[in-house]
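Working notes, structure below.
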Amino acid sequence: MQTITDSIKYIGVDDHEIDLFEGQFDVPNGMAYNSYVILDKKIA
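Residue numbers for the sequence shown follow the numbering used here, beginning at -9 and rising by one.
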């Protein structure tokens, strides 16, 4: 997990092993899966 700011965290991974997106689209350079966590007093 990487810290973007004190309240925003990045969680992701690069997958260089995958060759097909959703089993049908060619992705010769792999895929990136990205998610962010936003820490706040409110609930979304």
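Virtual Cβ for every residue (Gly too), placed ideally from N, Cα, C. Just so we're clear, the structure is a prediction, and the values are computed from it rather than from any experiment.
Three-state secondary structure (DSSP) of I8: Residue state, collapsed to three classes: coil.
Which listed residue (L29, V27, I28, E12) has its alpha carbon closest to that of M21: Nearest C-alpha to M21: E12.
N-terminal and C-terminal residue of the beta strand (DSSP E) that I33 is part of: Element bounds for I33: n/a, residue is neither H nor E.
7 Å Cβ cutoff met for Y26 and Y0: Taking C-beta atoms as the reference points, Y26 and Y0 count as a pair closer than 7 Å.
Assumed close pair S(-3), I28 - CB separation to whole angstroms, cut-off 8 Å: Indeed they touch by this definition, with Cβ atoms about 6 Å apart.
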